[in-house]
Structure formats: structure tokens, C-alpha cells
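Asks: Before I ask anything, let me first share the structure, which is written out below as C-alpha cells.
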Amino acid sequence: MKHRGRHRRRKQGRAARAFLAGTALALTAAATMISASQATVGDNPGALTPLTRAAETGALRLQEQSVPQATLDELSSGMGKPVGVSAVLETADRSLRGAAGCTATERSALPVAPTATRAYCWDAADTRAWRAGAVTTSGDADDDGWWNDNRVILSGWNEGTADRGLARVSFVDANDLSHLRYSSALLVVPVDGGRDYRALTSRLSGMVWYQDKLLVTAADGLYVYDMNRIQRTTVDSAAVGRVTAGWSAHGHRFVLPAVGSYRLTGASAAPRLGGISLDRSTAPDSLVASERTATDSDRPARLWRYDFDKDPARPGLLATDATGSASTVEAYETDASGIEGVLSHRASGAEDPAWYVGRAPGSTDRHGSLWRQDAEGAEATRCGEQNAPRCWGLQAGPLSYWEATGEVWSQSGRMLFAMPLESIDGALG
Numbered sequence: 003m004k005h006r007g008r009h010r011r012r013k014q015g016r017a018a019r020a021f022l023a024g025t026a027l028a029l030t031a032a033a034t035m036i037s038a039s040q041a042t043v044g045d046n047p048g049a050l051t052p053l054t055r056a057a058e059t060g061a062l063r064l065q066e067q068s069v070p071q072a073t074l075d076e077l078s079s080g081m082g083k084p085v086g087v088s089a090v091l092e093t094a095d096r097s098l099r100g101a102a103g104c105t106a107t108e109r110s111a112l113p114v115a116p117t118a119t120r121a122y123c124w125d126a127a128d129t130r131a132w133r134a135g136a137v138t139t140s141g142d143a144d145d146d147g148w149w150n151d152n153r154v155i156l157s158g159w160n161e162g163t164a165d166r167g168l169a170r171v172s173f174v175d176a177n178d179l180s181h182l183r184y185s186s187a188l189l190v191v192p193v194d195g196g197r198d199y200r201a202l203t204s205r206l207s208g209m210v211w212y213q214d215k216l217l218v219t220a221a222d223g224l225y226v227y228d229m230n231r232i233q234r235t236t237v238d239s240a241a242v243g244r245v246t247a248g249w250s251a252h253g254h255r256f257v258l259p260a261v262g263s264y265r266l267t268g269a270s271a272a273p274r275l276g277g278i279s280l281d282r283s284t285a286p287d288s289l290v291a292s293e294r295t296a297t298d299s300d301r302p303a304r305l306w307r308y309d310f311d312k313d314p315a316r317p318g319l320l321a322t323d324a325t326g327s328a329s330t331v332e333a334y335e336t337d338a339s340g341i342e343g344v345l346s347h348r349a350s351g352a353e354d355p356a357w358y359v360g361r362a363p364g365s366t367d368r369h370g371s372l373w374r375q376d377a378e379g380a381e382a383t384r385c386g387e388q389n390a391p392r393c394w395g396l397q398a399g400p401l402s403y404w405e406a407t408g409e410v411w412s413q414s415g416r417m418l419f420a421m422p423l424e425s426i427d428g429a430l431g
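Under the numbering used here, think of the first position of the sequence shown as 3, with each following residue one higher.
Structure follows, in C-alpha cells:
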């Protein structure tokens, strides 16, 4: 279901193509030369192998679980009426610097080829203890790219370790691409019947904002958040949860409490979730996912997709059967290892979608690589005199396609960046 009426922009005079305006960013010559000279030719992951046996696809099944409405109501009773995305954007008091204002070290994390057409670095003081992870945008939330009156980029971050850390989402006001501002909300999970909450302690490697729901990766599945159910905190302290004087979230002014989850049911055969993204080129729209494996592993990884539910009563949720189980509608095996970002998109006139996988640098590599795979084979973006495939970011991050503008957004190190999907296709060799 498209939220064309409810979330469409009010000022129809602004054309979506204006969002693409801008020229390719000039990276430092030294950083480009170093990156290209240190790139090495990696193993070609080859063609995708379809997984069709029940034993193979059954390991990818998800079981939907909902947080009881009474629990959410209890939390709202204690914290106050929930707010929406616009309330967070109104408090955006942190700024991202444009590429020209970033240091050479920060810019060196960007891809060598293709060149980013938009690039920004994060507030160093605000993100010093945090590691950048997933990215999604209002281009995922609604097909016209707007959420009410705003264009928004969401950036996921982790502090500490996967089992003893924190996860937060930075809400970036992207209405003016020359001046990005943001504010952050801590991801939490209601406990004790909604009388308290705990931090989400999981590596945030994937994130998709679809309609009014935000899906984020967890160790054993996905957590679900409602973008209309953001809660304000009342105490500025390092604690997370209910404290004597009110509600605290490690210094954050907002929390996103989980409203549900999807758990992998395949036991030891289930994958470790890596990246996720939205594919609007399928019918219905679908969620694609990749398996997280070691960077230099020789074990195949899995790529797969789930359909989103078309029932208007279940906006932003996956299609499930009568038992609440979400099954894959397509699954593959790939020889690519160390996948950090995944994207699937069917080009106009193409019979099947192509899969894009961003691979982390190997133990002897400086940059990661970006491959496009299908049932016929694989191609990588290439650069340098040796036409090597190690041309992607220093840290191969998430991939999120903004359909209305044709841009792919990602993160590498402290850099948030974007480029047209057609420029990625043009750099393949």
C-alpha cells in the first residue's frame, strides 16, 4: 500500500529531480592515488545459485511477535503522548559538514569509483564514541520520497559491543541538501509491561523505513519500530530507562520503543543477519537481506527476500501466514564474503532484479568492493591502472536506493554519501 495521500508532500511545485542537482565531488588526488594503488584484485563471487529446497529456505523463515498494546499504552501513560518524526526534526541542532569541510582522512573513506556526488561528515564530538551502521530514507518510507512535509535520512549508530552496547538512529533533515541538520533517538525495548524500557543491545547493520514502520537488524532477526510512536525523555543522564526523576536515554531527548519483532526460526541453520534494504521494483514491494560472514571466509553466503504485506491494516509489516510466519519468496547463495550492504533492483525492461553487494576489505586490502550479481555472473566497480575491483569505501557500508531520485545512499567511516545508481552501473567492468 502506497501512502500517497497521507504522506505526500504538500508543496507540489518542488520537483523531485531538483534533489539530484549537484556535481561530482572532488576528492583529494593523494587519497585517490593511494586507494587505487593499494587495491588488489579480489575473488570473483560468480553467479548466484538459487535456493529452492524447503530445508534451505525454511532456515530463513521469520516468526512475527508483537508487543502487547497494553504494554505500549502503559509506556505512553508514563512518558506522555507519543510524537512523530517532525518533532525530532524540530530539535535538530547538530550539523553535518559538506565534503569540502571534511578532513582528508575523513574523505579518504569514500569510494574511489564511482565518485560520490554528495558527501558529508558527521559532527565529530557527537559521534566520537559511536560507529556508523545502517542507512534508510524517506525515499523508502514513501515512493514520492517525502514523509509529510520533510525529506529525511535515517542513520543508524552503535556504541560499545553488540551484546553490551547502545543503538540509536539519527534523524537528518534533508530538505536543504546544502545544510544537513540532525537529532538522534535511542532504540529501546519496553519491559515490565511498559513500566520501563531497556536499550536495544544489538549491532545495527541493517535498517529499512517502510511506510510507518522502521525495521532494524538484531542478532536473531528484526526489531520493529513505529515512526508515529516516538517518546520524549524527561531526564538528561547516562542511565537508560525509568529513573527517580523520570525517563532517561543516555543523554538523548527521544526514544523509539519497539512495537514488535521477527525472529529467525531456523536454529543453527539460520544465518547471521547482515544488511537489509527495500526493493520497490518488485510487486509487492519487498525486503531484501544478506547473511553476515567473515571477510575472508570461503563459505557461501545467502541473499533472500520477503514480501511486504498488502493489507492496509498492517502497514509496514511483512506478509505472514495464519501462524504469523514470514517465508522467503526468493533466495540465493553467493560466493561473496564479508557482505556489509545489499541492494536489489530490477532495471526497466529487465526480466529479473540484479543484486548489489558491498563487501568489506579483505585482510590485505585498503578499500572494499561493490559487486552486481545475477544468475549469469558478477561484475564489480573498477578503478586504477590495474582496473582492480577494490574501489568501494574503506568500510563497505549499507546500501539504500532512493527511487524518486535514482540515488544510492551509504556510509563509510564518518562519511555519509550518495551517488546515482546509473553511475554504479557505469563503473562496472
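Each residue gets a CB set at the ideal place from its N, CA and C atoms; glycine is no exception. If you're wondering where the values come from, they're calculated on a predicted model, not measured in any experiment.
(1) Any contact between the segment 159–171 and the segment 127–146? By contact I mean 3 or more CB pairs, one from each, below 8 Å.
(2) I'd like the list of long-range same chain contacts for G318, defined as Cβ closer than 7 Å, with 5 residues on each side in sequence excluded.
(3) Could you check where the alpha helix (DSSP H) with E332 kicks off and where it finishes?
(4) Between the C-alpha atoms of R96 and R109, what's the straight-line distance to the nearest angstrom?
(5) Apply the 10 Å Cβ neighbour rule to A57 and answer buried if 16 or more other Cβ atoms are within range, or exposed otherwise.
(6) Are V193 and L206 touching if we call contact CB-CB under 7 Å?
(7) Among the residues of its own chain, which have a CB less than 8 Å from the CB of L320, if the five just before and after it don't count?
(8) Tell me whether Q233 is buried or exposed, calling it buried when 16 or more other Cβ atoms sit within 10 Å of its Cβ.
(9) What residue does the alpha helix (DSSP H) around Q397 start on, and which one ends it?
(10) In angstroms, rounded to a whole number, what distance separates the CA positions of D427 and E409?
(11) Would you check if the segment 356–363 and the segment 231–251 touch, i.e. whether three or more CB-CB distances between them fall below 8 Å?
(12) Cutting at 6 Å between CB atoms, please list the residues of its own chain near S377, excluding the five before and the five after it.
(13) Taking only the alpha-carbon atoms, compute the straight-line gap between D75 and T284 and give it to the nearest angstrom.
(14) Let's test the definition: count the other Cβ atoms within 10 Å of the Cβ of R416 and tell me whether it reaches 16, buried, or not, exposed.
(15) Just to check my reading of the structure: V191 and R200 have Cβ atoms closer than 8 Å, yes? What is that Cβ distance to the nearest angstrom?
(16) Near H5, which residues of its chain fall below 7 Å by C-beta distance, leaving aside the five closest residues on each side in sequence?
(17) Do three or more CB pairs link the segment 241–259 to the segment 178–190 at distances below 8 Å?
(18) Within 10 angstroms of its Cβ, does V375 collect 16 or more other Cβ (buried), or is it exposed?
(19) Within its chain, find whatever has a CB closer than 6 Å to the CB of S172; leave out the 5 residues flanking it on each side and keep chain order.
(20) Please report how far the alpha carbon of Y334 lies from the alpha carbon of T93, in whole angstroms.
(21) Buried or exposed, going by whether 16 or more other CB atoms sit within 10 Å of the CB of P52?
(22) Beta strand (DSSP E) containing M417: first to last residue?
(23) Ordered along the chain, which non-local residues of its own chain (more than five positions away) have a Cβ less than 6 Å from that of A429?
(24) Taking only the alpha-carbon atoms, compute the straight-line gap between A23 and D128 and give it to the nearest angstrom.
(25) Can you tell which of C385, A303, R244, A121 has the C-alpha that lies nearest to the C-alpha of P47?
(26) Are there 16 or more other CB atoms within 10 angstroms of the CB of H347, so buried, or fewer, so exposed?
Replies: In terms of the structure at hand:
(1) yes
(2) Y212, Q213, D214, K215
(3) Run containing E332: none in the alpha helix (DSSP H); it sits in the beta strand (DSSP E), 332–336.
(4) 20 Å
(5) Counting Cβ neighbours within 10 Å, A57 comes out exposed, since fewer than 16 surround it.
(6) no
(7) L64, E66, Y264, L289, Y308, D309, F310, D311, A328
(8) Q233 comes out buried.
(9) Element bounds for Q397: n/a, residue is neither H nor E.
(10) Rounded to the nearest whole angstrom, the C-alpha separation of D427 and E409 is 12 Å.
(11) no
(12) The amino acid at residue 377 is misidentified as Ser; the sequence shows Ala. Cβ within range, chain order: A49, L50.
(13) 36 Å
(14) buried
(15) For V191 against R200, the beta-carbon gap comes to about 5 Å, under 8 Å, which counts as contact.
(16) Confidence is the limiting factor: at H5 the pLDDT is only 46, short of 50, which leaves the residue's position unreliable and the question unanswerable from this model.
(17) yes
(18) Note that residue 375 is Gln in the sequence shown here, rather than Val. Q375 is buried by the Cβ-count criterion.
(19) S157, Y184, S186
(20) 43 Å
(21) exposed
(22) 417–422
(23) In the same chain as A429, and ignoring 5 residues on each side of it, the C-beta atoms closer than 6 Å to its own belong to A115, P116, T383, in chain order.
(24) Low confidence applies here, because A23 scores a pLDDT of 43, under 50, leaving its location unreliable; read the following figure in that light. So the alpha carbons of these two residues sit roughly 29 Å apart.
(25) A303
(26) buried
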